[in-house]
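With the numbering used here applied, the sequence shown covers 65 to 411.
Each residue gets a CB set at the ideal place from its N, CA and C atoms; glycine is no exception.
Computed from a predicted model, the values in this text were never measured in an experiment.
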Amino acid sequence: MSTMNAVVLDEWGGALAVETVERPDPGPGDLRVDVRACGVTRTVENAVQGGLSADPDLTPRVPGHEFAGVVDAVGADVDGFAVGDRVVAYFYLTCGRCDACRRGDTNQCTDFGGWYGVDRDGAYAESAVLPAANALPLPDAASFAEGAVAADGVATPVHVCERADVRDDDTVLVLGGAGRIGYHLVQVAGLRGAHVVAADVVDDRLAHAETAGDHVTAVDASRDDFAAAIRDATPYGDGPSVVVDTVGDLDTLREAWTALEMGGRFVSLTTHHDRTFDPPMKEYVVKEASFVGSRYATKDEVVRAARLVADGRVEADVGDRLALADVPDYHRRLRAGRTAGMGVLEP
Ligand SMILES: [Zn+2]
């Protein structure tokens, strides 16, 4: 029996610890991937806290889903993959047969099997077993760390820009513009020709947001006159035509809603269970405003994201590089909000 090191969660909301476990063998339809880079992110922290599933039958569990690596074993009944293939992982365990899957909207699967790293073991490990249906091609020109960022951190912004149909005549306000999703969204919106206003708090985060490109203006979201400051930062003073919320702070949302241009689109990415944002219905009509939800990304958008980082059109915001032993403490830093860039585990 072969063994490996992995970070194991004992129960939802419990402790993460490095353990020596059995190296998994790929079952039918699965690949085993030598994990080269895995994001250690707030999305995983939310899963660790039981925010996606709190089913006690699913623990102990190896978390981690935003990863890239090299196929090192191929299970039975798998076509189209070989040992040595570079792959990036898709987060959702989808059925492949429902109407949504058939039309390519894999993030809307109606026979949803849950999340990789939640409903089955993930990639905080030296080796990970991944359904072949969740393995997507990683171009040679992308590093594994860039692939790990692309898996969710760039793919989610690509999906947001599709949902909001971002174009060259838009000004996109990104709430949380220095964050993992925000920083890459600022870049992807810029590729479509849009102006971007990046809102965040604290000087070093605002300065970081502005490094994403010449099309970006940073605005401090903690200002008392935030709505007016947003309007002033848009090129013609009309306010943003698209607002994307990656934070879920209700005071900030109200200010952004006030600043939204006529005909604007408001996109929500946050999944707080206990917060409600409910402007008066009249305001939707008067502004012809749209409120749009955006959920992760399709498989096609993950492939596109990997190509954007591979050819340098999007710069992956890689922060700390971590060993398995660093992961439990890094989750404590995520909880405290004391990280910059995306932490990348290189097991
Ligand atoms: Zn489906």
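For Gly178, same chain residues with a beta-carbon under 6 angstroms away, outside a window of 5 residues either side, are Leu157 in chain order. Bounds of the alpha helix (DSSP H) holding His395 are 391–400. DSSP places His336 outside both helix and strand once states are collapsed to three, so it counts as coil. The C-beta distance from Asp381 to Met406 rounds to 6 angstroms, short enough to fall under 8 angstroms. Taking a 10 Å sphere around the C-beta of His336, we find fewer than 16 other C-beta atoms and assign the residue as exposed. Ligand 1 has no heavy atom closer than 7 angstroms to the beta-carbon of Gly178. One thing to note: Thr123 has its Cβ within 8 angstroms of the Cβ of Trp76. For Val135, the closest of Arg87, Asn171, Glu86, Leu194 by C-alpha to C-alpha distance is Leu194. In the DSSP assignment, Asn69 falls within the beta strand (DSSP E) that extends over 67–73. Ala209 carries a helical assignment under DSSP once its states are collapsed to helix, strand and coil. A Cβ-Cβ contact shorter than 8 angstroms links Glu130 with Asp216.
Within its own chain, the residues whose Cβ lies closer than 7 angstroms to the Cβ of Asp284, once the five positions on either side in sequence are excluded, are Val265, Leu270, listed in chain order.
Per DSSP, the continuous alpha helix (DSSP H) segment holding Thr220 begins and ends at 219–227. Thr281 is the residue among Asp309, Pro90, Thr281 whose C-alpha sits nearest the C-alpha of Thr298. Comparing alpha carbon positions, the residue from Val250, Thr67, Val71 closest to Asp393 is Val71. Contiguous alpha helix (DSSP H) elements confined to the region 281–354 occur at 290–297, 314–323, 345–351, taking only those with 4 or more residues. Each of Asp149, Asp233, Ala214, Gly144 was checked against the Cα of Glu365, and the nearest Cα belongs to Ala214. Separation of Glu325 and Ser358 (C-alpha to C-alpha, rounded to the nearest whole angstrom) is 20 angstroms. Taken in chain order, the complete alpha helix (DSSP H) segments of 4 residues or longer contained in the region 352–381 are 363–374. Straight-line measurement puts the Cα of Ile245 at about 12 angstroms from the Cα of Ala369.
Scanning its chain for C-beta atoms nearer than 6 angstroms, with the 5 sequence neighbours on each side dropped, one finds around Ala291 the residues Glu319, Thr322, Ala323, in chain order. Here the region 161–177 does not lie against the region 138–153, with fewer than 3 beta-carbon pairs under 8 angstroms apart. A direct Cα-to-Cα measurement between Asp89 and Arg96 gives close to 7 angstroms. Taken from the Cβ of Thr362, every heavy atom of ligand 1 lies 7 angstroms or farther away.
Residue Gly211 holds the alpha-carbon nearest to the alpha-carbon of Leu200 among Val224, Gly211, Arg377. With 16 or more other CB atoms across the displayed protein chains lying within 10 angstroms of its CB, Leu386 is buried. With the rule of 3 Cβ pairs closer than 8 angstroms, the region 296–314 counts as touching the region 232–248. With at least 16 other beta carbons inside 10 angstroms of its own, Asp185 counts as buried. Setting aside the 5 residues that flank it on each side, Cys173 is surrounded in the same chain by Tyr156, Thr158, Cys159, Cys162, Ala164, Cys165, each with a C-beta closer than 7 angstroms to its C-beta; the list follows chain order.
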